[in-house]
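In our numbering, the protein residues as written are 1240 to 1519.
Contents: one structure, followed by commentary.
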Amino acid sequence: MILLQSRISPPLKLPLIGSHASVFILRKLPITRQHFFLQACRREMGTFQTAKISDVQKNLIRMSVFSSGSMAWGKPAAAAASQHLKMNPVYDVGELFELGIQLSYLLLLLGLLGVGTFFVIRQVLVRRELDLSAKELQEQVRSGDASSMELFELGAVMLRRKFYPAATKYLLQAIDKWDGDDQDLAQVYNALGVSYVRDGKTDKGISQLETAVKIQPGYVTAWNNLGDAYEKKKEYKSALKAFEEALLFDPNNTVARPRRDALKEKVQLYKGVPLKSKQK
1240 MILLQSRISP PLKLPLIGSH ASVFILRKLP ITRQHFFLQA CRREMGTFQT
1290 AKISDVQKNL IRMSVFSSGS MAWGKPAAAA ASQHLKMNPV YDVGELFELG
1340 IQLSYLLLLL GLLGVGTFFV IRQVLVRREL DLSAKELQEQ VRSGDASSME
1390 LFELGAVMLR RKFYPAATKY LLQAIDKWDG DDQDLAQVYN ALGVSYVRDG
1440 KTDKGISQLE TAVKIQPGYV TAWNNLGDAY EKKKEYKSAL KAFEEALLFD
1490 PNNTVARPRR DALKEKVQLY KGVPLKSKQK
């Protein structure tokens, strides 16, 4: 007994065998001292405290197991957290990629809206300019001071505004009052021919366009308009001839060349087949 006390001296006292406080104190001792401590308690306290000492041992084992289990459980949790942290950059990259696509679509939409707005504003400005020009020229016509050139300009403005009867009226007045160069008169006949064709009077339009190319044979725009008028009447040979005349004076004309090529195929396709055209 004296030997045991010398080994574990100073003697350790538990607050109450089996209590949580005693278990906590016992866990603080090294394993070798725990064994001697429990043996001493059995000898001093007798069999009455044996059950409580056994309870202390069980609680000590449970707490040890729980501690080791907590450490084992912490490892998967740490691994999961580490994996989550590793996966977050992937999600961040995906979100940035989607954000870039959305910004690209937004910029494209803004660009399209900008282009559309530009053309709308341009059309409004052109329309306003035409209205102002028509108003000024009409005032001169009403006052009787309008020249043949001003009548031609007013007819051209009405043509651009798609007021074809008014355009025809002023262009005819310009021809009757013309006092300028005959080469410039071809432009008046060309405009008059276009006005007739767009107003559905194709034959009258062809007649005015024929006059325009007679006055000025190198008038490429008049030849193109004449070819277009003949094609509307389905007179493909005459239309083909008109576009070929235009290419004689302007071989690289971007209007006449594709129309000429298309008409060549039509002429070969309908060769020997009579075609009915509407007489207007």
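Glycine included, every Cβ here is placed at the ideal spot set by N, Cα and C.
Only a predicted model underlies this, so the values are computations on that prediction, with no experimental measurement involved.
Secondary structure at ASP1420: coil, using DSSP grouped into helix, strand and coil.
Residues of the same chain with a CB within less than 7 Å of the CB of GLU1484, apart from the 5 flanking positions on each side, are TRP1462 in chain order.
In terms of Cβ geometry, GLN1377 and GLU1389 do not form a close pair [threshold 7 Å]. Close CB contacts of ALA1395 within its chain, under the 7 Å cut and outside five residues either way in sequence, are with ALA1430 (chain order).
A contact between stretches requires three or more CB pairs, one per stretch, nearer than 8 Å, and the stretch 1485-1498 meets this requirement with the stretch 1456-1470. Excluding residues up to 5 positions away in sequence, VAL1436, THR1441 lie with their Cβ nearer than 8 Å to the Cβ of LYS1471 in the same chain.
DSSP, read as helix, strand or coil, puts PHE1402 in coil. Under the three-state reduction of DSSP output, VAL1433 falls in the helix class. A straight line joining the alpha-carbon of ALA1406 with that of ALA1385 spans about 15 Å. A direct Cα-to-Cα measurement between GLY1444 and LEU1487 gives close to 23 Å. Assigned with DSSP and collapsed to three states, SER1446 falls in helix. In this structure, VAL1427 and ILE1414 form a Cβ contact; the two beta carbons are roughly 6 Å apart against a cut-off of 8 Å. When only Cα atoms are considered, PRO1490 and VAL1459 end up about 10 Å apart.
Closest option to ALA1425, judged by alpha-carbon separation, among ILE1340, PHE1391, TYR1403, LYS1408: PHE1391. Burial state of THR1356 is exposed, judged by a 10 Å Cβ sphere holding fewer than 16 other Cβ atoms.
If you check the CB distance, VAL1452 and LYS1476 do not come in under 7 Å.
With 16 or more neighbouring CB atoms inside 10 Å of its own CB, LEU1393 falls in the buried class.
For ASN1464, the enclosing alpha helix (DSSP H) begins and ends at 1459-1471.
PRO1497 sits in a helix when the DSSP states are folded into three classes. The beta carbons of ILE1454 and ASP1420 sit about 10 Å from each other, so the pair does not count as a contact at 8 Å.
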